[in-house]
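Protein chains in written order, with our numbering: chain A, 34 to 436; chain B, 7 to 266.
Even glycine gets a Cβ: it sits at the ideal position worked out from N, Cα and C.
Working notes for the structure below.
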Amino acid sequence: MRKIGKNTIFAMVFLLGLFVGKSQEEKEKPIHDLELELEAEYRYFMDNAQFPGQEDHYPSIAIRPEYTLEWNKGYESINFTGFLRLDRDDKRTHWDIRELYYQKAKNNWELSLGLKKVYWGVAESNHLVDIINQTDAVETFDGEEKLGQPMAQFSYITKNFGTFDFFYLPYHRKRTFAGEEGRLRFGTVIDKDDLGYESGAKEWRQDLAIRWKHYFGIFDLGLSHFYGTGREPLFVFDALGNINAFYPVIHQTGLDLQITHDAFLWKFESIYRNADAQDFIALVAGLEYTFSNIDGNGLDIGLLGEYLFDERDELALTALQNDVFFGSRIAFNDVQDTSILIGGIADLESSSKIFSVEGSRRFGSNWRMELEARIFSAIEPNELILSNFSEDSFLRFTISRFF
Amino acid sequence: MKKYRIFTAAFTAILAISMSYGQSSEERGLQIAKAAEKADEGFGSSIVELKMTLKNKNGQTSERYLTTRTLELTEDGDKSLIVFDSPKDVKGTATLTFTHKVGADDQWLYLPSIKRVKRISSNNKSGPFVGSEFAYEDLSSQEVEKYAYKFLKEDGDMLIVEQDPVDPKSGYTRRVATYNKGKGYRLEKIEFYDRKNALLKTLDYSDYKLYKNKFWRALSLNMVNHQSNKETLLKFSEYNFGSELVDEDFTEVALKRAGR
C-alpha cells in the first residue's frame, strides 16, 4: 500500500505541473463526468481447501469510481479510475489507482502522462504480448485485471506507415499473491515483498517500450519491444528445492497478427523473452468463427480454438505450456446484452483441464449481473503450478449497480 | 450565380424528362440514388448525439445514448466513430468503421474495461444493433454502390425506388425507399422486405432540418418491426458540422481516446 502511495504522488506531480500550465489557455467550459460502480461479489469454492487457513466462502464488495475532466473539444483530458475491494483474504482486500493521467491529442500525435492501462494483443486464452501493466493477480483468475502503470506514452500516427507508440515507464509494480486465507495460491504463502529485483535500481529502474501497429486490408499487425523489469516474477529452484523468486530485467519482443476474413478471425501472438537467467519463446495461435444472427433475432454463436505453447514448459506461470483452448461465445444481442462464454483448456501432455463458464446480463438500465464458474479437472499432481489449484474450483457471482 | 441556378434547373428538368421517357427503370433508379448522394456531397464531417429508445411489444422502453462522428470521403466510403454514453455498464464502448464502396467494411471495437481494441468481422450485417430494430446494415454509410436500383413510381415530389442489396449477406431481399425530389432528394421512408420477401420493417424519417442551406438531416428516425411489433426511435441532437474532423480523428488511437 505504501508503495502505491508513492506512485500516486509521482503521477500527481506530473499532472499538476501540466494542468496548471495549460489551464490559462482554456476558452470553452470543461466537461466533468463522474461515474461510480458498486459491486457485491460472492465466491464459493466447492472443494475442501488444500492448504491450512483457506476458506470456502468469500463474500466481498468492490467500488470503482471514475472521473473525467475534458476540454479543448475532448483533445485534452484528465482521467481517473479508482478501485477498492474488501475481501476475507487480507491480500485480496486491496485498493489501486487504475488510471490517473493527463492526455493531450493534436493533429497526428497523442501524449498521456500518469497512471494508465494499455492493452496489446489479439488472442483470447492467453495474453502474451500484453506487457505494459502488472496483472492484478488477486482480482481475477483470467489475469485480465491490471494495475495502473506510471508512464509517459507518446503515440505518433503516420499516413502510410501505421502508428508508433513510445513508452517511458519509470516505476515497476509488483504482483500481489493471495494471502494465507486466500484460495488460488501456492502451498507457501508468497508475500510480494519477499520478491526482489535483478536491477540494483529496484522498482525505480527506468524502463522503455515501443510498439508499431498497422493494418493492411484484412491484416492487423503489431510489433513491440519491451526493455525493463519483467511483469512476471521468475522462480528459480535450487538443488535443495528452495525457491528463489525475483523480477528479472528482460528484453521482450512481441508480434501480434489478426486476419479478419468474412466471419473468420485468425489470430497469432508470439513473444521472445531474453534475460540473464531465462531465454524462451511462447506463442498462441488460433481462430474465432461467428455464426451470426442465427435465429433472425440476433443470436450469435462464436466458436473459438487456440493452441498455446511456452518453451519454459512447467515453469510457465500461466501453466499453458502445450495446451489447447476451445470455447464458444454466445451473444443474444438483446436489450439486456446477455452473453455467455464457455471454454476449456486441456493440457496435451497430461490429463489436466480447466473449464470455465462466464455469463452476464443487464437488469434495468443500471444493474448488471455476472456469473462465473471455473473447474480444475484431473489436475496431475506433478504439475508444478496448477497442482496448487487442484482443489480451487469455484463459482463466482457478482451484482453491480452503476451510478 | 443566378444564371448557374437557372441553368441547373433547366438541366434538371431536361434530365427529368429524358429520365421518364428515355430510360429504363433501373437507370432512373440509379440516377435518383446518385442525385441523392450528390445533394449531400461536401458536408465534410459531423458530430451528433443521439438517444435510442427501444420499445418492446408491451410498450416497455429502454434507452441508450450515443455520439456519432462521421468523416466524409468521396473516393471511398465514409468513416465513422460511434461511442456509447449509456447504459452505464457499457459506457465508453466504441466502434470505428471504414465503409467501402465495394467489398466488406473494416470495423474495430473498443472495450473500455480492459482497454482492448478488437478488429471485428463486418459479416454480421443483418444482426440487430444493440438489441434495437436497426440492423448494422441500416446504420452503416449508405453508399450508392451497395444496391441495385429500380424506379417504381412518382407521386408529386416523391420518387419511389426499389433497392436490392448487392451483398448476399444482407438480411433483405429488397428495400423500397421514398426520396423527396423537392427537398434535396432526402429520404422520407424506407420499407424493408425480409429474405422471404415479406414486409419486415418500416423506417420513417421526420423532424428534418436544413444545415448550411444544403444538407437535410432528419432529427427523428422511427423503425417499426411489423413482425415482432417492436419499435426503435432515434432522436438526434443538433448536428455539428463545424468540428472539421480529419483522418486522425478516425484511427485506433482516436477510438481509444473517444471511449476512454
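What did DSSP end up calling B/Q148 once you bin it into helix, strand or coil? Within the second sequence, numbered from 1, the residue matching residue 148 of chain B stands at position 142. It is coil, neither helix nor strand.
Short of 7 Å Cβ to Cβ, which residues in the segment 158-171 of chain A face chain B? none
Proximal chain A residues relative to B/R125, where beta-carbon distance stays under 7 Å: Within the second sequence, numbered from 1, the residue matching residue 125 of chain B stands at position 119. By Cβ distance, chain A contributes D253, Q291, T293.
At 7 Å on the CB atoms, spell out the chain A contacts of B/R266, in chain order. Residue numbering aside, residue 266 of chain B sits at position 260 when the second sequence is read from its first letter. Ordered by position in chain A, the residues that pass the 7 Å Cβ test against B/R266 are T101, N112.
Between A/F301 and A/E344, which are expected to be in contact by the criterion C-beta below 8 Å, what is the C-beta distance as a whole number of angstroms? Taking the first sequence and counting its residues from 1, one reaches residue 301 of chain A at position 268. Taking the first sequence and counting its residues from 1, one reaches residue 344 of chain A at position 311. Not quite, the Cβ-Cβ distance comes to about 16 Å (not below 8 Å), so this is no contact.
Within this structure, are the beta carbons of A/I373 and A/E72 separated by less than 9 Å? The residue you call residue 373 of chain A lines up with position 340 of the first sequence. The residue you call residue 72 of chain A lines up with position 39 of the first sequence. Between A/I373 and A/E72, the C-beta gap is not smaller than 9 Å, which leaves the two residues out of contact.
Is the CB-CB distance between A/A242 and B/N130 below 9 Å? Residue 242 of chain A sits at position 209 when you count from the first residue of the first sequence. Residue 130 of chain B sits at position 124 when you count from the first residue of the second sequence. The beta carbons of A/A242 and B/N130 sit no closer together than 9 Å.
Proximal residues of chain B, C-beta to C-beta of A/V196 below 8 Å: Taking the first residue of the first sequence as 1, we reach residue 196 of chain A at position 163. Contrary to the premise, residue 196 of chain A reads as Thr rather than Val in this sequence. Within chain B, the residues near A/T196 are T257, E258, V259.
May I ask you to report which of helix, strand or coil DSSP gives A/V222? The residue you call residue 222 of chain A lines up with position 189 of the first sequence. DSSP places A/V222 in coil when its eight states are reduced to three.
Please state whether DSSP places B/Y245 in a helix, a strand or coil. Residue numbering aside, residue 245 of chain B sits at position 239 when the second sequence is read from its first letter. Three-state result, B/Y245: coil.
Going by Cα to Cα distance, which pick from A/F422, A/I408, A/E339 is closest to A/L381? Numbered from 1 along the first sequence, position 348 holds the residue referred to as residue 381 of chain A. Minimum Cα distance to A/L381 is reached at A/E339.
Between which two residues does the beta strand (DSSP E) containing A/Y124 stretch? Taking the first sequence and counting its residues from 1, one reaches residue 124 of chain A at position 91. According to the sequence as given, residue 124 of chain A is Lys; it is not Tyr. Run containing A/K124: none; DSSP gives neither H nor E here.
Among B/N231, B/E250, B/N246, B/V259, the one whose alpha carbon lies nearest that of B/K63: As a first step, residue 63 of chain B must be located in the second sequence, where it is residue number 57. With distances taken between Cα atoms, B/K63 lies closest to B/N231.
Kindly indicate if chain A contains any beta-carbon less than 9 Å away from that of B/P96. Along the second sequence, one-based indexing puts residue 96 of chain B at 90. Reading off the sequence shown, one finds Val at residue 96 of chain B, where the question assumed Pro. For B/V96, the answer is yes, since a Cβ of chain A falls inside 9 Å of its Cβ.
Is A/G261 near A/I283, with beta carbons less than 9 Å apart? The residue given as residue 261 of chain A occupies position 228 in the first sequence. The residue given as residue 283 of chain A occupies position 250 in the first sequence. Cβ atoms of A/G261 and A/I283: closer than 9 Å.
Closer than 9 Å, CB to CB, is A/Q83 near chain B or not? Indexing the first sequence from 1 puts residue 83 of chain A at position 50. Look at A/Q83: its C-beta is not under 9 Å from any C-beta on chain B.
What's the gap between the Cα of B/D161 and the Cα of B/Y199? The sequence position of residue 161 of chain B within the second sequence is 155, counting from 1. The sequence position of residue 199 of chain B within the second sequence is 193, counting from 1. So the alpha carbons of these two residues sit roughly 21 Å apart.
Cα separation between B/D111 and A/I251? Locating residue 111 of chain B in the second sequence gives position 105, where the first residue counts as 1. Locating residue 251 of chain A in the first sequence gives position 218, where the first residue counts as 1. Taking the straight line joining both Cα atoms gives about 10 Å.
Bridge partners for A/K149 per DSSP, in chain order? One-based indexing of the first sequence puts residue 149 of chain A at position 116. DSSP lists A/Q182 as partners of A/K149.
Beta-carbon contacts of A/L267 that lie in its chain and below 8 Å, excluding the five residues immediately before and after: Residue mapping note: residue 267 of chain A aligns to position 234 of the first sequence, counting from 1. Contacts found: A278, F279, Y280, P281, A308, A310, Q311.
Please report the distance separating the alpha-carbon of B/A42 from that of B/F90. Translated into the one-based positions of the second sequence, residue 42 of chain B becomes position 36. Translated into the one-based positions of the second sequence, residue 90 of chain B becomes position 84. Using only the alpha carbons, I get a separation of about 29 Å.
With 9 Å set as the bound, which would you pick, yes or no: does the beta-carbon of A/A296 sit closer than that to a beta-carbon of chain B? In the first sequence, counting from the first residue as 1, residue 296 of chain A sits at position 263. Yes, because at least one Cβ of chain B sits closer than 9 Å to the Cβ of A/A296.
Counting only beta-carbon separations shorter than 9 Å, does B/K241 have a partner in chain A? One-based indexing of the second sequence puts residue 241 of chain B at position 235. No, B/K241 does not count as interfacial toward chain A.
Determine the chain B residues that contact A/T323 at a beta-carbon separation under 8 Å, and present them in chain order. Working through the first sequence from its first residue, we reach residue 323 of chain A at position 290. Simply S127, N129, N130.
Would you mind stating whether A/S410 and A/S383 have Cβ atoms separated by less than 9 Å? Residue 410 of chain A sits at position 377 when you count from the first residue of the first sequence. Residue 383 of chain A sits at position 350 when you count from the first residue of the first sequence. Not closer than 9 Å, so no.
Contact set for B/K8: own chain, Cβ-Cβ below 7 Å, skip 5 residues either direction: Indexing the second sequence from 1 puts residue 8 of chain B at position 2. Annotation note: pLDDT 48 at B/K8 (below 50); position unreliable, no value reported.
Report the neighbours of A/G331 on chain B: residues whose CB is nearer than 8 Å to its CB, in chain order. The residue given as residue 331 of chain A occupies position 298 in the first sequence. What A/G331 touches in chain B: G133, P134, G137.
Interface residues of chain A around B/K121 at Cβ under 7 Å? For the purposes of this step, residue 121 of chain B is taken as residue 115 along the second sequence, with counting starting at 1. For B/K121, the residues of chain A that pass the 7 Å Cβ criterion are K150, V151, Y152, in the order they occur in the chain.
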